[in-house]
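First up is the structure itself, then whatever we jot down about it.
Protein chains: 2
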Amino acid sequence: MEITEQHRRLRTYIEKLIPDIEEDTWQHFAEKLTVKCYKKGELVIKPGMVCNNVSYVNKGLLRSYYLVDGKEIITSFFPEECYFSDYESFLSRKPAVMYSEAIEDTEVVDVNYDELQSLYAVYPQCERVGRLVAEELFVHLSNRNSSFMLDTPEQRYYRFLEECEPIVQRIPQYMIASYLGITPEALSRIRARISRRPAGDVLIDSNQLKVKRC
Amino acid sequence: MEITEQHRRLRTYIEKLIPDIEEDTWQHFAEKLTVKCYKKGELVIKPGMVCNNVSYVNKGLLRSYYLVDGKEIITSFFPEECYFSDYESFLSRKPAVMYSEAIEDTEVVDVNYDELQSLYAVYPQCERVGRLVAEELFVHLSNRNSSFMLDTPEQRYYRFLEECEPIVQRIPQYMIASYLGITPEALSRIRARISRRPAGDVLIDSNQLKVKRC
DNA sequence: TGCTGATATTGATTCAGGTCAATGGAGGGC
DNA sequence: GCCCTCCATTGACCTGAATCAATATCAGCA
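Residue numbers (my numbering), protein chains in the order written: chain X, 224 to 437; chain B, 224 to 437.
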C-alpha cells in the first residue's frame, strides 16, 4: 500500500525507542494508523471534547492554548517529528480544557484511544512504546515547568531560541510571547534590551536544564 | 516473611491499576522491593546524584525543592500513598537538579532502576504499571502546570487547601508559600485578605481543572 | 521561669511586567 | 498604485508581588 510513505517517519522514530521492534507488531500497529490533514487555522481540538487520538506530525505545525478572558495562553507548539495530542485529556478521558489549532497546513498520522488500548493488551512492545512516550513527555513537561519556576522571561526567551531554533521563524512573536508567559509588549522590550546589549553577553541560566523538544 | 506488611499498601495500590495482577508477577516484583526509613530533615536526593529509585510512601512526608540563590523553591510534597522520586532524573538518567528531603520521619518501599528495567523486560504487567504511573504523573504535572498558568496565587492557595486538605496542617506556611510560587509574606497577606472577606465567598476557578494528588 | 530560634504577621518601599493608547511598518487584495 | 488588516514597537501609567525591616507568637528547653 502506498500509505507506507506517510508511516515512514513514525516508523523511524519508533525504531529509536524499540530498535528490535517485531515486524508483526509493527504491521498490526500500522494497520490502525490514520493519516489526517489540517488546513492552516483549523481547530483540531476544542474545550469540551475528549481527545481521542495521539498523532505524530509528518509536516506542518500546531499549537495548543487556553482561552481565558478572551486571551490566548499558548502551552505548546508541535512541529514535525513531534507528537501532538491533548495528552492530558487523552489520558484522563476528560474533556479538553485547551484549544489545539494548526498554524500551518499540517499532515499527521494518528492512532485512536480504543485501538491503542487493544494494541497494548496484545503487543508488549506497543505497551513499551506507550510507556516510553509517556515518560518522554513527562520529562519534557517537567523541564518546561522548571523553566517557569526558575527563569526570568528573558532567560526563557533565550532558551526558547536555542531549543526551538528550527521553528522560531515560523511563529509570530505574539505567539512566542504567550508561550513564554508574557505579553507581546514585554517580549518586544526584551528584544530591544538584548539588541542594545553588548553581543555575546548571554546570561542563560541559573541551572543546567537542557530541553530538546518544543 | 514479615516484610509483607510493608508491601501491603503498595499491593493495594497496584491492584487498582491492574486488578488482575498475576500472583507470580507480583511475587517477582515484591522480591525487588526494599524498605527504607528516613529521619525528619534527612536529605534523600541531592543535586548531582542520579536518582535510582522510585518509592512508594508508606508513612511520613517528603518534599522536593530547587535551591537557587540560597532560596528554596518547593515543587512537590509526597505524603503517604504517593510515589516519591526525582522522576525526571530517574527517567532521563541525568543528575538531579532538585533536593529531596523528609519533612517527617518517613518509611517508603522502593525499587531501583535496573531491577525495574529487567522486570519490564520479563513481565508485561510490570511494564503496564510503569506506563500507567508515568501517565498518571504526567496528568498530575500537567494540572499543576495549568494552575500556574491560569490561576492567581490566591486561587492556587484555595486549590491547594482543597486538594491537599489532609496534609495542610503538617506543612509550615512558608513551605506552602514556596509551593504556590510566592513569598511567605504574600501568603500571609492572602490569608489576611481571606479572613477579612465575607465567608463562603470562594472564587475558585477560571476553569474546571480538578487535581487529586499533591 | 525566662531564653532562644523558628515561624508568622504587618508596614513601607521598589520594581518588573501588565495595561492602555498611539505609531509604524509589511504584506495581501483589488 | 492604494487601502486595509495584522503585527511589532514605543511611551505613560498602574499594580501586585518581592524585598527589606520590624515586631509578634510560639515551642522547646535549660
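Think of the CB as a built atom: it goes at the ideal place given N, C-alpha and C, for glycine as much as any other residue. Predicted model, so just to flag it, every value in this text is computed and none were measured.
Problem set entry | Cβ contact check for the region 291 to 298 of chain B and the region 261 to 275 of chain B: 3 or more pairs under 8 Å | no
Exercise. Considering only the beta carbon of each residue, do Ala325/X and Gly264/X sit closer than 8 Å?
Worked result: Against the first sequence, residue 325/X aligns to sequence position 102. Against the first sequence, residue 264/X aligns to sequence position 41. The answer is yes: Cβ separation under 8 Å.
For this session: Report, in whole angstroms, the separation of the C-beta atoms of Arg231/B and Trp249/B, which I expect to be a contact under 8 Å.
Result: Here residue 231/B refers to the residue found at position 8 when the second sequence is read from its first residue. Here residue 249/B refers to the residue found at position 26 when the second sequence is read from its first residue. Wrong, their Cβ atoms sit about 12 Å apart, outside the cutoff.
Exercise. Got a sec? Which residues, its chain only, sit under 6 Å from Tyr346/B by beta carbon, not counting five neighbours each side?
Worked result: Start at 1 with the first residue of the second sequence, and residue 346/B comes out as number 123. Cβ within range, chain order: Thr248.
Exercise. By the criterion of Cβ-Cβ separation under 7 Å, what are the contact partners of Gly353/X in chain B?
Worked result: Looking up residue 353/X in the first sequence gives position 130. Per Cβ cutoff of 7 Å: Arg354.
Problem set entry | Short Cβ contact (8 Å threshold) for Ser308/B with Val277/B | By 1-based counting over the second sequence, the position of residue 308/B is 85. By 1-based counting over the second sequence, the position of residue 277/B is 54. Yes.
Problem set entry | Range of the contiguous beta strand (DSSP E) that encloses Asn281/X | For the purposes of this step, residue 281/X is identified with residue 58 of the first sequence, where counting begins at 1. It spans Asn276 to Lys282 - the beta strand (DSSP E) in which Asn281/X sits, taken as one unbroken run.
Exercise. Using a Cβ-Cβ distance under 8 Å, would Asn368/B count as near chain X?
Worked result: Position 145 of the second sequence, counting from 1, holds the residue named residue 368/B. Closer than 8 Å to some Cβ of chain X, the Cβ of Asn368/B qualifies, so yes.
For this session: Report yes or no: is there a C-beta of chain B within less than 8 Å of the C-beta of Glu311/X?
Result: Here residue 311/X is taken as the residue at index 88 of the first sequence, counted from 1. Cβ-Cβ to chain B under 8 Å: yes for Glu311/X.
For this session: Below 8 Å on the Cβ atoms is my guess for Tyr336/B versus Tyr306/B; work out the distance and round it to an integer in Å.
Result: For this step, residue 336/B is matched to residue 113 along the second sequence. For this step, residue 306/B is matched to residue 83 along the second sequence. Contact flag wrong, Cβ pair sits at about 14 Å.
For this session: Spell out whether any CB of chain B is found under 8 Å from the CB atom of Tyr298/X.
Result: What you label residue 298/X is simply residue 75 of the first sequence in a count that begins at 1. Reading the sequence as shown, one finds Thr at residue 298/X and not Tyr. Yes, because at least one Cβ of chain B sits closer than 8 Å to the Cβ of Thr298/X.
Problem set entry | Gln348/B burial status per 10 Å Cβ neighbour count (16 or more: buried) | Along the second sequence, one-based indexing puts residue 348/B at 125. Answer is buried; the Cβ neighbour count reaches 16.
For this session: Could you tell me which uninterrupted beta strand (DSSP E) segments, each at least 3 residues in length, are contained entirely in the region 241 to 296 of chain B, listed from first to last along the chain?
Result: 257 to 261, 266 to 268, 276 to 282 and 284 to 291
Exercise. With a cut-off of 8 Å, does the C-beta of Ala357/X fall near any C-beta of chain B?
Worked result: Locating residue 357/X in the first sequence gives position 134, where the first residue counts as 1. So yes, Ala357/X belongs to the interface.
Exercise. Looking at the C-beta of Gly404/B, does it have a partner C-beta in chain X at a distance below 8 Å?
Worked result: Taking the first residue of the second sequence as 1, we reach residue 404/B at position 181. Yes, contact with chain X.
For this session: Look at the alpha carbon of Glu228/B and the alpha carbon of Ala344/X, and state the distance between them as a whole number of angstroms.
Result: The residue labelled residue 228/B in the question sits at position 5 within the second sequence. The residue labelled residue 344/X in the question sits at position 121 within the first sequence. Looking at the two C-alpha atoms, the distance is approximately 31 Å.
Exercise. Going by other Cβ atoms of all chains shown within 10 Å of its Cβ, with 16 needed for buried, is Pro242/B buried or exposed?
Worked result: For the purposes of this step, residue 242/B is identified with residue 19 of the second sequence, where counting begins at 1. Counting Cβ neighbours within 10 Å, Pro242/B comes out exposed, since fewer than 16 surround it.
Exercise. Would you say Val332/X reaches chain B, if we count a Cβ-Cβ gap shorter than 8 Å as a contact?
Worked result: By 1-based counting over the first sequence, the position of residue 332/X is 109. No, no contact with chain B.
For this session: Could you tell me whether the Cβ of Ser365/B comes closer than 8 Å to any Cβ of chain X?
Result: If you number the second sequence from 1, residue 365/B lands on position 142. Yes, Ser365/B counts as interfacial toward chain X.
Problem set entry | Three-state class that DSSP yields for Ala357/X in the structure shown | To locate residue 357/X, count along the first sequence from 1; it is residue 134. In this structure, Ala357/X counts as helix in the three-state DSSP scheme.
Exercise. Between Gly353/X and the rest of its own chain, which residues show a CB-CB distance below 8 Å, the 5 nearest in sequence each way excluded?
Worked result: Your numbering for residue 353/X matches position 130 in the first sequence. Excluding positions up to five away in sequence, the list reads Leu339 and Tyr343.
For this session: Please check if any C-beta of chain B sits within less than 8 Å of the C-beta of Ser315/X.
Result: On the first sequence, residue 315/X is found 92 positions in, with the first residue counted as 1. Using beta-carbon distances, Ser315/X counts as an interface residue toward chain B, with a partner under 8 Å.
Exercise. Under a Cβ-count criterion, where at least 16 other Cβ atoms within 10 Å of its own Cβ denotes burial, should Cys274/B be classed as buried or exposed?
Worked result: Residue numbering aside, residue 274/B sits at position 51 when the second sequence is read from its first letter. Buried, since its Cβ has 16 or more Cβ neighbours within 10 Å.
Problem set entry | Partners in chain B for Leu360/X, counting only beta-carbon separations shorter than 8 Å | Here residue 360/X is taken as the residue at index 137 of the first sequence, counted from 1. Within 8 Å Cβ-Cβ: Phe361.
For this session: Taking only runs that begin and end inside the region 301 to 329 of chain B, name each unbroken beta strand (DSSP E) of 3 or more residues, in chain order.
Result: You should have 322 to 325.
For this session: Assuming Tyr415/X contacts Pro376/X (C-beta within less than 8 Å), just tell me the rounded distance between them.
Result: As a first step, residue 415/X is located in the first sequence; it is residue number 192 there, counting from the start. As a first step, residue 376/X is located in the first sequence; it is residue number 153 there, counting from the start. It should be pointed out that residue 415/X corresponds to Ala in this sequence rather than to Tyr. Wrong, their Cβ atoms sit about 13 Å apart, outside the cutoff.
Exercise. Is Val332/B closer than 8 Å to Ser315/X when the C-beta atoms are compared?
Worked result: Translated into the one-based positions of the first sequence, residue 315/X becomes position 92. Translated into the one-based positions of the second sequence, residue 332/B becomes position 109. No.
Problem set entry | Under the three-state DSSP convention, the category Asp374/B falls into | Here residue 374/B refers to the residue found at position 151 of the second sequence. DSSP places Asp374/B outside both helix and strand once states are collapsed to three, so it counts as coil.
Exercise. Does any C-beta atom of chain B lie closer than 8 Å to the C-beta of Ile268/X?
Worked result: Looking up residue 268/X in the first sequence gives position 45. Answer no: the Cβ-Cβ gap between Ile268/X and chain B never drops below 8 Å.
For this session: Assign Pro302/X to one of two classes, buried (16 or more other C-beta atoms within 10 Å of its C-beta) or exposed (fewer than that).
Result: Here residue 302/X corresponds to residue number 79 of the first sequence, with the count starting at 1. Burial call: buried.
Problem set entry | Cα-Cα separation, Met321/X to Ser369/X | For the purposes of this step, residue 321/X is taken as residue 98 along the first sequence, with counting starting at 1. For the purposes of this step, residue 369/X is taken as residue 146 along the first sequence, with counting starting at 1. Taken atom to atom, the span from the alpha-carbon of Met321/X to that of Ser369/X is near 21 Å.
Exercise. What does a CB cutoff of less than 8 Å around Ser341/X pick up in its chain, not counting 5 residues either side in sequence?
Worked result: On the first sequence, position 118 is the one that residue 341/X refers to. Shown here for Ser341/X: not one same chain residue has a beta carbon closer than 8 Å to its own, the five before and five after excluded.
Exercise. Of all the options Ser418/B, Ala400/B and Arg419/B, which has the alpha carbon lying nearest to the alpha carbon of Ser299/B?
Worked result: Translated into the one-based positions of the second sequence, residue 299/B becomes position 76. It is Ala400/B.
Problem set entry | Cutoff 8 Å: Met398/B Cβ touching any chain X Cβ | Locating residue 398/B in the second sequence gives position 175, counting from the first residue. No, because no Cβ of chain X sits closer than 8 Å to the Cβ of Met398/B.
Exercise. Alpha carbon to alpha carbon, what distance is there between Glu359/B and Phe252/B?
Worked result: Residue 252/B sits at position 29 when you count from the first residue of the second sequence. Residue 359/B sits at position 136 when you count from the first residue of the second sequence. Straight-line Cα distance between these residues: approximately 20 Å.
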